[in-house]
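Residue numbers (our numbering), protein chains in the order written: chain A, 4 to 385; chain B, 7 to 283. Using N, Cα and C, we set each Cβ at its ideal position, and we do this for glycine too. This report refers to the structure that appears directly beneath it.
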Amino acid sequence: MAVQRKKRKRRELFALGNEAVAEGALLAGCSFYAGYPITPSTEIMEVMANRLPLIEDGVFIQMEDEIASMGATIGASLAGRKAMTATSGPGFALMQEHIGYACMVEAPLVVVNVMRGGPSTGLPTSPAQADVQMARWGTHGDHPIIVLSASDVQECLEMTVTAFNFAEKYRTPVILLLDEVTAHTREKITVPDPDEVEILSRVTPTVPPEWFKPYADTARGVPAMAPIGSGYRTHVTGLTHDVMGYPTQRPDEVKDAMLRLFRKIDQYYGDIQMSDEYMLDDAEVAVVAYGSVARSAHLAVEQARERGAKAGLLTLKTLFPFPRPAVEKLTHRCHTVVVPEMNMGQMSREVKRVNNGRTKVRTINRVDGQIITPSEILKAIL
Amino acid sequence: MADVTQLIHDYLRHNKKFPHVFCAGCGHGIVLGSLIRSVHALGLPKDDVVLVAGIGCSGRMAVYVDFNTVHTTHGRALTFATGIKMANPRLKVICVMGDGDAMSIGGNHLIHAARRNIGVTALILNNQIYGMTGGQCSSATPQGDISMTTPFGSLEKAFDIVDMCKAAGASYVARGTSFHAIQLDRLISSAIMHPGFSVVEVFSPCPTQYGRKNKFRNAVDMYKWLKSNTVKVETLKDPTQKPDDGRIPIGVFRDVEEPGLEERYFELQRKLMGQNR
Ligand SMILES: Cc1ncc(C[n+]2csc(CCOP(=O)(O)OP(=O)(O)O)c2C)c(N)n1
Ligand code: SF4
Ligand SMILES: [Mg+2]
């Protein structure tokens with residue numbers, strides 16, 4: 004008897020990085036988008052404006068500013084939606100207070116920041132990677148956060164799905180950092196069949212409402228989340244709260260709450276930290292790069308190999324928590340680590356900290372709105 | 007226990023450690039009582055009510071009451087409320103904000119919520135001062151009044167919240183006070199049942215931070231002042247003009263039927279999806 008095999012429904016697209024982000028979000032189950040237009044992220048919003056009204060219960064709303072966009076995104080997340088917003092530098096600055104709120108109330112959501120030259124209005128149409136440390140530390144107060152990046156258009160789609168999965172799994176805002184080059188490159192990509200992709204959703208409570216403790220610790224450190232309106236009437240607050248969600252200043256309760264926030268990310272470090280290795284097995288010089296710069300670095304490593312130099316590349320897909328073991332491994336094997344980036348050294352600082360003086364660290368820094376070319380990196384390798 | 011007290015207790019969270027933060031004589035608790043009576047009179051299930059609060063003494067109200075409650079950030083409650091309402095339009099979303107919350111730091115969100123006519127009710131507790139931070143002036147502090155940051159008298163004009171919301175397009179706009187509690191119940195009930203954006207500004211005394219600095223001997227004087235310095239808008243000869251004697255008009259200033267943003271959005275969605283089928 005012939006088994007009817009279900010045909011996979013893959014779609015091929017010739018898409019911008021920004022469009023791929025939108026495709027990835029929809030694939031991940033995003034049904035809510037609130038935003039405010041800003042170059043070079045606007046295409047994400049425009050695709051969502053076209054698509055979400057055509058999806059059952061899909062909601063798109065243009066807000067009055069980025070503060071409002073983040074507020075609405077958090078509100079939707081609390082009401083049970085997978086929600087996203089996207090912006091660029093100036094808008095990302097405005098979102099910071101609410102990113103901290105999302106950390107505190109553990110609202111799963113995705114924020115995309117397409118980095119452009121700064122500070123201030125800076126270079127609206129030119130690439131930069133200058134918001135890396137802002138993504139990590141931009142909001143006030145001590146907090147853990149997940150920051151991801153992508154270096155080509157296919158990866159824009161995949162990392163957006165990953166961002167949603169991490170957000171849902173760990174009940175946390177996840178920041179996806181792109182640079183203008185990746186966002187505005189047009190490439191052929193494959194949108195996978197939804198059945199081929201692992202999609203995670205937040206855990207909801209199974210106990211009756213009167214037993215439910217909305218911020219109780221669990222083995223995973225991630226409490227179940229009841230959508231507003233589901234019969235679990237909870238209190239959500241940006242004030243430091245006890246396991247019932249009520250404000251507290253009791254040192255023991257405050258300490259428990261804060262340490263759990265860190266632990267829920269820290270203990271899954273292995274799951275969260277993602278990087279790609281290329282030609283690193285016998286490498287003596289390693290390039291550590293992320294975003295569009297990783298593509299220049301890839302070519303530079305190939306060219307270096309052609310000239311007989313033992314070079315390799317580590318592409319960081321997770322920026323924070325910083326993929327320490329992957330970088331540490333290099334610093335034991337190589338004599339030089341090269342860190343090219345479109346800022347004055349925001350990631351090389353992390354690399355140097357892990358490296359701890361074992362190898363030379365060569366930095367290549369550009370803040371003139373231009374991409375880093377393969378030949379610049381090649382020169383640093385040789 | 008008197009019946010009304012019993013009723014209020016049915017809606018408070020008894021697993022929350024009381025006492026509450028409100029000072030004796032504060033008007034905010036009266037507004038909370040009025041809100042509870044309104045929700046009860048309307049027969050709304052607690053599960054369907056979402057109270058979204060800003061930051062300030064007014065915002066603290068959210069933690070005490072047994073609805074779905076969200077205590078947000080200073081000035082931004084309406085943005086969260088907009089997200090919640092669009093995500094689940096079945097819910098009754100009520101925002102509680104202070105005058106500083108709604109009109110100073112959050113003024114932009116207020117006018118846009120009004121313009122969009124999102125189906126949310128905004129309760130603006132106007133005590134004409136920043137209560138929580140210790141009595142600094144707000145954009146609703148009357149010109150000439152004393153506050154911690156206007157020790158020589160405020161030079162700026164105060165916002166008229168009703169005029170502002172009307173001008174921005176809110177489809178229900180009312181003003182009450184925490185002295186006129188029975189009227190306030192009516193205003194809040196109508197606001198909650200109103201489709202589209204509804205605003206109730208409530209003059210609500212802050213004896214601690216405003217009264218003391220501005221020649222009110224005690225809380226009772228402030229309530230007496232509310233009684234003698236307000237006038238029902240429907241008794242005015244020309245309700246569009248402010249009375250010459252400086253009294254504050256209270257009542258309903260606009261009540262028009264206009265579908266809320268969420269209604270219009272999901273209507274459009276049904277049409278689009280019908281076409282696509
Ligand atoms: C972004 C931000 N700025 C300032 C504050 C400090 N703050 C807390 S409450 C408040 C004013 C409260 O006044 P109002 O909104 O009128 O509420 P009330 O306490 O009078 O009810 C201020 C300035 C804050 N929490 N967040
Ligand atoms: S400071 Fe004023 S507004 Fe705050 S609780 Fe006291 S009386 Fe009420
Ligand atoms: Mg006030």
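Give the straight-line distance between the Cα atoms of residue i and residue j, rounded to the nearest whole angstrom.
{"i": "B:D169", "j": "B:H34", "result": "23 Å"}
{"i": "A:G234", "j": "A:E183", "result": "44 Å"}
{"i": "A:M4", "j": "A:F169", "result": "Residue placement at A:M4 cannot be trusted, given a pLDDT of 47 that sits under 50; what the coordinates show is reported in the next sentence. The alpha-carbon atoms of A:M4 and A:F169 are separated by roughly 42 Å."}
{"i": "B:D107", "j": "B:T79", "result": "9 Å"}
{"i": "B:L13", "j": "A:M118", "result": "54 Å"}
{"i": "A:A25", "j": "A:L160", "result": "8 Å"}
{"i": "B:P25", "j": "B:Y70", "result": "10 Å"}
{"i": "B:L267", "j": "A:V113", "result": "24 Å"}
{"i": "A:R298", "j": "A:E280", "result": "13 Å"}
{"i": "A:E22", "j": "A:E46", "result": "6 Å"}
{"i": "A:H238", "j": "A:N116", "result": "30 Å"}
{"i": "A:M107", "j": "B:H77", "result": "12 Å"}
{"i": "B:R96", "j": "A:F63", "result": "17 Å"}
{"i": "A:Q373", "j": "A:E199", "result": "38 Å"}
{"i": "B:M109", "j": "A:P343", "result": "47 Å"}
{"i": "B:D251", "j": "B:N235", "result": "9 Å"}
{"i": "A:G120", "j": "A:K12", "result": "39 Å"}
Within 10 Å of its beta-carbon, does residue i have 16 or more other beta-carbons around it, so buried, or fewer, so exposed?
{"i": "B:H15", "result": "exposed"}
{"i": "B:R276", "result": "exposed"}
{"i": "A:M51", "result": "buried"}
{"i": "A:K267", "result": "buried"}
{"i": "B:T75", "result": "buried"}
{"i": "A:P377", "result": "buried"}
{"i": "A:H146", "result": "buried"}
{"i": "B:N21", "result": "exposed"}
{"i": "A:Q276", "result": "buried"}
{"i": "A:F17", "result": "exposed"}
{"i": "B:A30", "result": "exposed"}
{"i": "B:N224", "result": "exposed"}
For residue i, tell me which candidate among the options has the shortest Cα-Cα distance.
{"i": "A:A329", "options": "A:G294, A:E344, A:D284 and A:Q306", "result": "A:D284"}
{"i": "A:D196", "options": "A:V370, A:I367, A:L29 and A:L381", "result": "A:L29"}
{"i": "B:L193", "options": "B:L161, B:L129 and B:P157", "result": "B:L129"}
{"i": "B:E263", "options": "B:P51, B:R122, B:S177 and B:S234", "result": "B:S177"}
{"i": "A:R365", "options": "A:A260, A:T251 and A:M350", "result": "A:M350"}
{"i": "A:I367", "options": "A:M347, A:P250 and A:R84", "result": "A:M347"}
{"i": "B:V258", "options": "B:R181, B:N114 and B:Y70", "result": "B:R181"}
{"i": "B:H200", "options": "B:T183, B:V179 and B:H20", "result": "B:V179"}
{"i": "B:V126", "options": "B:T241, B:F24, B:P245 and B:V58", "result": "B:V58"}
{"i": "A:P208", "options": "A:R223, A:I202 and A:M228", "result": "A:M228"}
{"i": "A:L180", "options": "A:R308, A:G241 and A:M162", "result": "A:M162"}
{"i": "A:C337", "options": "A:E158, A:K363 and A:V354", "result": "A:K363"}
For residue i, I'd like the list of residues in its chain whose CB is within less than 6 Å of its CB, leaving aside the five on either flank, ordered along the chain.
{"i": "B:Q134", "result": "A146, T147 and Y216"}
{"i": "B:A119", "result": "L84 and F203"}
{"i": "A:K313", "result": "D285, A286 and E287"}
{"i": "B:M138", "result": "G62 and C63"}
{"i": "A:V246", "result": "K216, Y218 and A219"}
{"i": "A:E109", "result": "R174"}
Among residues of its own chain, excluding the 5 on either side of residue i, which ones have a beta-carbon nearer than 8 Å to its beta-carbon?
{"i": "A:D60", "result": "S34"}
{"i": "B:T155", "result": "Q142 and C143"}
{"i": "B:V237", "result": "P249, R253, I254, P255 and I256"}
{"i": "A:Y272", "result": "P324"}
Can you list, in chain order, the residues of its chain whose CB lies under 7 Å from that of residue i, leaving out five sequence neighbours each side?
{"i": "A:H101", "result": "I70, M73, G74 and I77"}
{"i": "B:M228", "result": "P211, P213, G217 and F222"}
{"i": "A:S80", "result": "A86, A110, P111 and L112"}
{"i": "A:R58", "result": "The sequence shown places Ile at residue 58 of chain A, rather than the Arg named in the question. Hits under 7 Å: S34."}
{"i": "B:K52", "result": "D72 and F73"}
Check: Looking at chain B, which residues of the region 202-229 of chain A have a Cβ within less than 8 Å of any of its Cβ atoms?
Finding: none
Item checked: Contact set between the region 70-89 of chain A and chain B, restricted to residues whose Cβ is under 9 Å from the partner -> I70, A71, S72, M73, G74, A75, T76, I77, G78, A79, S80, L81, A82, G83, R84 and A86
Next item on the list: Pull out every residue of the region 241-261 of chain A whose Cβ sits closer than 8 Å to any Cβ of chain B, in chain order.
Entry: G241, L242, M247, Y249 and P250
Checklist line | Near-chain B residues of the region 128-139 of chain A - C-beta to any C-beta below 7 Å | finding: none
Checklist line | Residues, ordered as in the chain, of the region 100-117 of chain A that lie near chain B by beta-carbon distance below 8 Å | finding: E100, H101 and Y104
Next item on the list: Output, in sequence order along the chain, the residues in the region 27-41 of chain A whose CB is closer than 9 Å to any CB in chain B.
Entry: S34, F35 and A37
Item checked: chain A contacts made by the region 176-206 of chain B, where a contact means CB separation under 8 Å -> Taking 8 Å as the upper bound on Cβ-Cβ separation, chain A lies near no residue of the region 176-206 of chain B.
Next item on the list: Residues of the region 31-42 of chain B with a CB closer than 9 Å to any CB of chain A: list them in chain order, please.
Entry: none
Note to self: Give me the subset of the region 93-116 of chain B whose CB atoms are less than 8 Å from a CB atom of chain A, sorted by chain position.
What the structure shows: Residues A93, N94, R96, L97, N114 and H115.
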